[in-house]
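Sequence lines, in order, name chains B and E.
Per the working numbering, residue 1 is the first one in the first sequence, and the count goes up by one each step.
Per the working numbering, residue 1001 is the first one in the second sequence, and the count goes up by one each step.
We put the CB at the ideal spot given by N, CA and C, even for glycine.
One structure is given below, encoded as structure tokens.
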Amino acid sequence: MSIEISDLKVNIGDQPIIKGLNLTFPKGEVHAIMGPNGSGKSTLAKVISGHEDYEVIGGKITMDGVDLLEMEADERSREGLFMAFQYPHEIPGVTNANFIRAALQARLPKGEELDAVAYYKQLYAEMDKLEMDRKFTGRAVNEGFSGGEKKRNEILQMAMLKPSYAVLDETDSGLDIDALKVVSEGVNRMRSPERGFLVITHYQRLLDYIVPDVVHVMKGGKIIRSGDKSLALELEERGYDWVLDETAA
Amino acid sequence: MIADTETKPSSVLTTAPDFGATGLPQWYQDLQRSAWEASSALPLPKRTDEPWRFADLKRAAALEAFQTAASLDEATVKGLIVRSSKLEKTSGKFVFANESLAYADRPEADGLICLPLAEAVEKHAQLLQEHFMTQDATLGSEKFAQLHKSRAKSGLFIYVPAGVEITLPIEAYHWVSGENSSVFPHTLIVTGENSKVTVVDYYGSASESEAGLSCAVVDLVAGRGSKLRYVACQSLSTTSSNIHISSTLASADADVKSLQVQIGSAWSRTESVSHLSGKGANSDMLSVSVPSSKQQVDQRTLQHHGEAHTTSDLLYKNALYDQSRSVFAGLIKVDVGAHYTDAYQTCRNLLLSDEAEANSMPGLEINADQVKCSHGSTSGPITDEDVFYFNARGIPTETAKQLITYGFAAEVFGKLKHEAIEAMVGQLVEEKFRQLS
Ligand SMILES: Nc1ncnc2c1ncn2[C@@H]1O[C@H](COP(=O)(O)OP(=O)(O)OP(=O)(O)O)[C@@H](O)[C@H]1O
Ligand SMILES: [Mg+2]
């Protein structure tokens, strides 16, 4: 049970961004991706979740054996995939509570109505755990939220949707030290043999809180090296230049 | 069964009303007679008239087809009374069917006057003479305003004395029934010092298959320090025509918020003016429209700052489906000496089809210093990025678009900060969505 990406090639317009990427992350594990700016990490996250701007020109992505590339973004989500955005979108006029409710409603069989009382109970419980003020339920999704509040809101959505696989794109960026702890705990609470995580980050610090099973280095549109937690420490110390493409040989 | 079948139907635009038949007081009949003379002397709008730029003039000319509304049989009236139930809690409710009072739940408060116009001209001639249609319609529809004046006998006159606060909204329903029937509902609200009131007008058709005309005039006269909230919900049949001419006169420290909701009508022309005439006066002008098929909304506005330290904020939003069309022309006018004015004007159009068309003509005329003014208009479709965020959470594209559109509209009526009205307007918008899908 895993998400398997093999020989993935992705273009934006005519420009190749992902150039033959291989990566597998199974349920029950946390994998981290680190890599320089512009190496294609967010592109990978969006391609996994089904953004249409990116043209997949080769390779495969499967989730528990099912071809993800054949599915629309909303289907992928309902099948158990989640992506926390690096830059969460603002939606004026749609309240956070209604947005999450619609997402849960979309997972129910046709004709079945989400139980509103149970929903709010669960929502408030998750918000309490993430130390989010109740006022965020009535505010428009991400509109006017601070950078950190947006990131916390992504984790709230994840907690409500309970995905099988979650890709977190720089969820730690913009968080203050306390928020980093709260959000990391939120992720750790959800770690389970039934759930896999792919955590994109620039900072080794996050991995002190969310301890990864595997660390990958992405550069130039490929995973060029994989290792254990100590690889992150080494990157923090020495940067990316020294990392040679192990796969090139 | 329709009574009064003897009189041959004739155009309200070209045939003089039977002034005596209303039984209204002589002074009022005289007023109506001279209004009729003024109206019939004025020409129909022409292409070269600036206030009618981009307007569908065929629609204005087609008003000639409309006739005096006949009186209705009991069953029809009963049906309309049943349908007059938008707000759960009101402090008063009035139902007019083809301009006749069909139902009245009269609000009671110390010194409050809240009467059907026909009763008010009898009992409060002096107040009426002081306030009834004292503002000229300056945004193009002078002819139709005079026509309204010559025929107005339904709608409400509300006078809230100083210091009186009416907590729950007062509701008035204006129904038009019969093919080519026309109604001329009037609303005049006068608020005394530091008083408070909320009024909702609802314009509807008895039958979705009949074309009717509602030609309404609304005057809001907000006294010093008073808080006036006004909502006009237009949900006429989609073959109907709507003209809604409103003016707000805000005295010092008065705070007026008015909202237009446009759901029905083939053609809806709204003209809204706010005169800020005392220090500290504020007027929020809000509008939300959801036209579809070939519906047209034509909106003209003026924010007139006549005094220093006054504020106004206009937000008009149109969510345009199919081949619908909108015209927005708005002017902020700051008089000489009206320093420290804050005036904002925003028109946003959400284009939900490639064939929908939005025209915006914002304008500024500033003759004072230390003024903060801005105007802006935007038109565009729902973006892929908007939809992707919903998709990424499992919400299908169709649902996403509907939620986004609802959110677009809800942002306007949320500004009234009145939960019950918000829910009521929200329901009207959702009903419209259901018809569309
Ligand atoms: N929509 C787009 N149009 C054009 N170029 C794009 C687009 N999206 C991404 N790119 C380019 O693709 C490359 C990879 O971008 P991506 O956002 O995936 O990088 P990243 O690894 O997430 O970087 P960062 O660490 O800064 O977040 C960059 O050079 C970027 O400019
Ligand atoms: Mg990125």
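Going by beta carbons, L44(B) and N22(B) fall outside the 9 angstroms limit. The Cβ of S77(B) sits closer than 9 angstroms to at least one Cβ of chain E. Three or more beta-carbon pairs drawn from the region 1199-1208 of chain E and the region 1169-1187 of chain E are found closer than 8 angstroms, and the two stretches are therefore classed as touching. Separation of R1434(E) and N98(B) (C-alpha to C-alpha, rounded to the nearest whole angstrom) is 18 angstroms. Counting along the chain, R1434(E) sits inside the alpha helix (DSSP H) bounded by residues 1419-1436. Non-local C-beta neighbours of T1346(E) in its own chain, meaning closer than 6 angstroms and more than five positions away in sequence, comprise L1315, G1376, ordered along the chain. When C-alpha distances from V1082(E) are compared across L1013(E), V1095(E), R1269(E), the shortest belongs to V1095(E). Listed along chain E is no residue with a C-beta nearer than 9 angstroms to that of E112(B); the closest approach is about 15 angstroms. Note on L1031(E): 16 or more other CB atoms within 10 angstroms of its CB, so buried under the neighbour-count rule. Residues are counted here when their Cβ sits less than 8 angstroms from a Cβ of chain B; for the region 1371-1398 of chain E these are D1384, E1385, D1386, F1388, Y1389, F1390, N1391, A1392, R1393, G1394, I1395, P1396, T1397, given in chain order. Neighbours of F1408(E) in chain B, taken as residues at a C-beta separation under 8 angstroms, are given in chain order as P92, G93.
Sequence-ordered contacts of the region 47-76 of chain B with chain E read S49, G50, H51, E52, D53, E72, A73, D74, E75, R76 [C-beta pairs closer than 9 angstroms].
Residue V1218(E) holds the alpha-carbon nearest to the alpha-carbon of L1249(E) among A1069(E), R1047(E), V1218(E).
The Cβ atoms of I100(B) and Q157(B) sit closer than 9 angstroms to each other.
In the three-state reduction of the DSSP assignment, L1127(E) falls in the helix class.
The C-alpha of V1164(E) lies about 21 angstroms from the C-alpha of K1123(E). Using a CB distance cut-off of 9 angstroms, L1080(E) does not count as an interface residue toward chain B.
Against E1411(E), the close residues of chain B are P92, G93, in the order they occur along the chain (beta-carbon pairs closer than 7 angstroms).
Counting only runs of at least 4 residues, the region 82-115 of chain B fully encloses the following alpha helix (DSSP H) elements, listed from N- to C-terminal order: 96-105.
The three-state secondary structure of P1161(E), taken from DSSP, is coil. With a 10 Å radius around the Cβ and a threshold of 16 neighbouring Cβ atoms, E112(B) comes out exposed. Secondary structure remark: continuous alpha helix (DSSP H) runs of at least 4 residues inside the region 132-184 of chain B, in chain order: 135-138, 147-161. For the 9 angstroms CB-CB criterion, S1241(E) and S1214(E) form a contact. Taking the Cα of I3(B) as reference, the smallest distance to any Cα among D133(B), K121(B), F82(B) is reached at F82(B). In terms of beta-carbon proximity, Q157(B) lines the interface with chain E, with at least one pair separated by less than 9 angstroms. With respect to the C-alpha of Y87(B), the residue from K46(B), A166(B), L235(B), D53(B) having the closest C-alpha is K46(B). Put simply, the CB of R107(B) is near chain E, with a gap under 9 angstroms to one of its CB atoms. Checking the 8 angstroms criterion, the Cβ of I1189(E) is out of range of every heavy atom belonging to ligand 1. The residues F1019, G1020, T1022, in chain order, have a CB closer than 8 angstroms to that of Q1029(E) in the same chain once the five nearest residues on each side in sequence are set aside.
Boundaries of the beta strand (DSSP E) harbouring N1359(E): 1357-1366, taken from the DSSP string.
The Cβ atoms of V199(B) and H31(B) lie closer than 9 angstroms to each other.
Taking a C-beta distance under 9 angstroms as the contact criterion, L1080(E) and A1102(E) qualify as a contact pair.
Short of 7 angstroms from the beta carbon of A1109(E), and not among the five residues preceding or following it, lie these beta carbons of its own chain, in chain order: V1164, I1166.
Annotation: the continuous alpha helix (DSSP H) that includes A1060(E) extends over 1057-1061. Those residues placing their Cβ nearer than 7 angstroms to any heavy atom of ligand 2 are, following chain order, K41(B), S42(B), Q86(B), D169(B), E170(B), I200(B). Boundaries of the beta strand (DSSP E) harbouring W1267(E): 1267-1276, taken from the DSSP string.
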